[in-house]
Amino acid sequence: MSVFAYRNESGFSRFLVFLIELSAVLNCVAVGSSVMMHGMILAAQKGAEVTAVEAGIHNERQIVIGGAQLGASIFVGVVFLVWVYRMSRNAHSIENAKLRYSPGWAVGWYFIPIVNLWKPYQAMREIYEVFINRPNDGKILPLWWFAWILASIMARISTRVVTKSDTLDQLLTKSEVTIFADACAVFLDLAAILLVITVSRACAARFEVDHFEAATEDWE
C-alpha cells in the first residue's frame, strides 16, 4: 500500500499557470525593451547622436526589467518545483505504480550538475506516464524540456556577454543575445504552461478513474 495519499492539486496548478503567464508577459516586455536598446545602439553605431540622458534611460529600464525577471524566475521556479513534488506525490499514491524517483528526487535532480540535463525530464515523464497509464507518445514533454535546455543555455551565454560590453560592437552583440535569450524565456514559459496543464489534467483524470473503480467495487 502506498504511503502517499492523493491530493487534489487543481487549484495549485491553476495558480502556477497564472504565475507562468505573468512571467511570459514580463519576458515579452523584456524582449521589447531589448529591441529598443538594440535600436539605440545601432543608431549610435551609424553615427546618430545619442545623449547621455537617453542612454541612461534605456540602461536603467533594462536594469529594472532584468531585476524583475530575476525575481520572477526565482519565485516561479520555487512554485514550479513545489508543483513537481506534489505531482510526484500523487503519482506515488496510485496503487501498484512503479516509479524510479521519489518526490524528493523528482525535485532534487534539478540541482545536481550534469545529470540535471536529463534526470528531471525522466522524472516528469514517469509521473505523466503513471497518470495516463501508458508510455508517453506526446510532444508536450519533449517540447518543454527542449525549451528548458535552450533557455538555460541562452541565460548563461547572456550573463557572460554582459560582462564584456565596452565598445559599441560589444554592446550591439549583447543586445542581440539578450533579445534571443528573452525570446527563449517566453518560449519556455509557453511550453511550461502546456506542461502544467497537460500533467495536472492527466493527474485529475487518473484520480477520477481510480475513484470510480473503487466505488464500483464497493457496490459489487
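Residue numbers for the sequence shown follow the UniProt record's numbering, beginning at 1 and rising by one. Glycine is no exception: its CB is placed at the ideal position from the N, C-alpha and C atoms.
Keeping to the same chain, check which residues put their C-beta closer than 7 Å to that of cysteine 28; ignore five residues upstream and five downstream.
-> Apart from sequence neighbours up to five positions away, the residues of its chain that approach cysteine 28 with a beta-carbon distance below 7 Å are Val186, ordered along the chain.
Within 10 angstroms of its Cβ, does aspartate 169 collect 16 or more other Cβ (buried), or is it exposed?
-> exposed
Environment of threonine 23 [buried if 16+ CB atoms lie within 10 Å] | First, the amino acid is wrong: residue 23 is serine here, not threonine. Classification of serine 23: buried, given that the 10 Å Cβ count is 16 or more.
C-alpha distance - arginine 125 paired with histidine 58, whole-angstrom precision = 42 Å
Using three-state DSSP, classify valine 50 as helix, strand or coil.
-> In the structure shown, valine 50 adopts coil according to DSSP, grouped into three states.
Does DSSP classify leucine 70 as helix, strand or coil?
-> helix
So is aspartate 218 buried or exposed if we call it buried at 16+ other beta carbons inside 10 Å?
-> Unreliable positioning characterises aspartate 218 in this predicted model, as indicated by a pLDDT of 35, which lies under 50. The coordinate reading is nonetheless provided below. Result: exposed.
What is the residue span of the alpha helix (DSSP H) that alanine 30 lies within?
-> 10 to 45
In three-state DSSP terms, what is glutamate 207?
-> Reading off the sequence, residue 207 comes out as phenylalanine, not glutamate. Three-state DSSP puts phenylalanine 207 in a helix.
Histidine 92: beta carbon under 8 Å from a heavy atom of the ligand SAH?
-> With respect to the ligand SAH, the structure offers nothing, as it holds no ligand at all.
Reference alanine 123; option with closest CA among Ile132, Glu208, Pro103, Ile193 = Ranked by Cα distance from alanine 123, the first of Ile132, Glu208, Pro103, Ile193 is Pro103.
Return the chain-ordered ranges of every beta strand (DSSP E) run that is complete within the region 65 to 114 and spans a minimum of 3 residues.
-> none
Counting only the same chain and skipping the five closest in sequence on each side, list residues whose C-beta sits under 8 Å from that of leucine 42.
-> Leu172
Helix, strand or coil for proline 142 per DSSP?
-> Three-state result, proline 142: helix.
Do residue 227 and serine 10 have their C-beta atoms within less than 9 Å of each other?
-> Outside the modelled stretch of the chain, which goes from 1 to 220, sits residue 227, for which no answer is possible.
Could you tell me if phenylalanine 111 is buried or exposed, where buried requires 16 or more neighbouring beta carbons within 10 angstroms of its beta carbon?
-> exposed
Residue nearest to aspartate 189 in terms of C-alpha spacing, selected from Leu16, Asp137, Arg89 | Leu16
What separation, rounded to the nearest whole angstrom, lies between the Cα atoms of alanine 55 and methionine 40?
-> 8 Å
Pick from Cys184, Met87, Ile140 that is closest to isoleucine 149, judged by C-alpha positions | Ranking the options by Cα distance to isoleucine 149, first place goes to Cys184.
Is the distance from the Cβ of serine 88 to the Cβ of glutamine 62 below 9 Å?
-> No; because the gap between Cβ atoms is not below 9 Å, this pair is not in contact.
My guess is that isoleucine 193 and isoleucine 74 are in contact by the Cβ rule of under 8 Å, so how many angstroms apart are they, rounded?
-> No, isoleucine 193 and isoleucine 74 are not in contact; Cβ-Cβ is about 18 Å, not under 8 Å.
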